[in-house]
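When the letters of the sequence shown are read in order and numbered with numbering that gives the first Met the number 0, they come out as residues 0 to 116. Below is one structure, written out as structure tokens, with a few remarks after it.
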Amino acid sequence: MEILLAILVGLLYASGIYMILRRSLVKLIIGIILLGNGANLLIFLLGRITKGLPPIIPENSKVFLEAYADPVPQALILTAIVISFGLQSFAIILVKRAHKVVRTDDLDEMNATDEDS
């Protein structure tokens with residue numbers, strides 16, 4: 000299972016970088032989204048996949064007796080998801096505004112339009 004998820008992380012990173020290197024702003028945003036999802040999955044993999052109980056110590060013991068799920072990677076991923084959602088929504092609004100002004104989403108045409116002014 001971890002091998003499959005590691006391959007998926009590699010595919011997400013590769014496709015995200017490929018989309019970021021395209022000339023379109025929409026593809027740039029899609030690439031950032033894919034790269035962010037790959038990073039979240041990588042953090043999830045680094046925390047190890049364990050099917051266990053919540054990390055709560057029973058009253059009659061002082062240490063964990065069984066395997067438990069580590070809450071730190073889950074909290075990091077949840078925070079990263081919230082931050083990436085804010086970044087994506089801001090980037091989408093920014094691209095929409097740039098397309099409204101310049102009438103294109105091609106980065107080379109935007110640079111050419113900027114130099115003509």
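Cβ coordinates follow ideal geometry from the N, Cα and C atoms, glycine included.
Using only alpha-carbon positions, find the residue among A5, L10, P54 that is nearest to L44.
A5
Would you give the residue range spanned by the alpha helix (DSSP H) that F84 belongs to?
70-101
By DSSP, does S60 sit in helix, in strand, or in coil?
coil
E1 vs I76 beta-carbon contact at 8 angstroms
no
For A68, which of L7, K50, V25, R22 has the nearest alpha-carbon?
K50
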